[in-house]
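This report refers to the structure that appears directly beneath it.
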Amino acid sequence: MSFMFIALSAAVGVGMWFLVIGIIFSIGGGSLFTVTHYDSLLFNTILFLLCIVVYLFFAHHLLQKKLQLLLLICFATTFLSFFLTPWLMDLTSSLK
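Residue numbering for the sequence shown follows my numbering, starting at 369 and increasing by one per position.
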């Protein structure tokens with residue numbers, strides 16, 4: 369179960385990176401970031417806030433179960449995957 373939490377934390381970090389990029393590019397009207405039909409600023413912002421709320425509930429659950437170390441590992445995994453996503457995308461594109 370702990371490995372699932374860590375994997376989900378990594379996925380949340382990657383997803384939040386794409387949401388932040390979507391929010392940044394759609395501030396000017398959305399003409400720079402048109403990959404999907406869901407490229408509006410409102411949609412990206414709501415989804416980003418929803419991810420934060422779910423992550424806070426997840427953290428609250430782990431704190432109630434007295435699993436602070438797992439929470440720290442999950443937070444570090446999210447943080448690392450958030451900042452390593454651009455590098456990993458560049459690495460995978462250069463391998464192709």
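Glycine included, C-beta positions come from ideal geometry on N, C-alpha and C.
If you run the structure through DSSP and keep just helix, strand and coil, what is residue i?
| i | result |
| --- | --- |
| methionine 372 | helix |
| serine 462 | helix |
| serine 408 | coil |
| isoleucine 414 | helix |
| isoleucine 392 | helix |
Looking at chain D, is there any beta carbon in it that lies within less than 8 Å of the beta carbon of residue i?
| i | result |
| --- | --- |
| serine 377 | In the displayed structure, chain D is absent; only one protein chain is listed. |
Do you know how far the Cα of residue j is from the Cα of residue i?
| i | j | result |
| --- | --- | --- |
| lysine 469 | serine 449 | The shown model of the chain, from 369 to 464, leaves out residue 469, and the question about it has no answer. |
| tyrosine 423 | methionine 384 | 11 Å |
| serine 394 | methionine 457 | 21 Å |
_With a threshold of 8 Å, are at least 3 pairs of Cβ atoms found where one atom belongs to the region 370-382 and the other to the region 426-443?_
Yes: at least three Cβ pairs fall under 8 Å.
Pairs of beta-carbons, one from the region 378-386 and one from the region 442-452, closer than 8 Å: are there three or more? With the cut-off at 8 Å, the region 378-386 and the region 442-452 touch.
message: Under 8 Å: do the region 446-460 and the region 405-420 share three or more Cβ pairs, one atom per stretch?
response: Cβ pair count under 8 Å is below three, so no.
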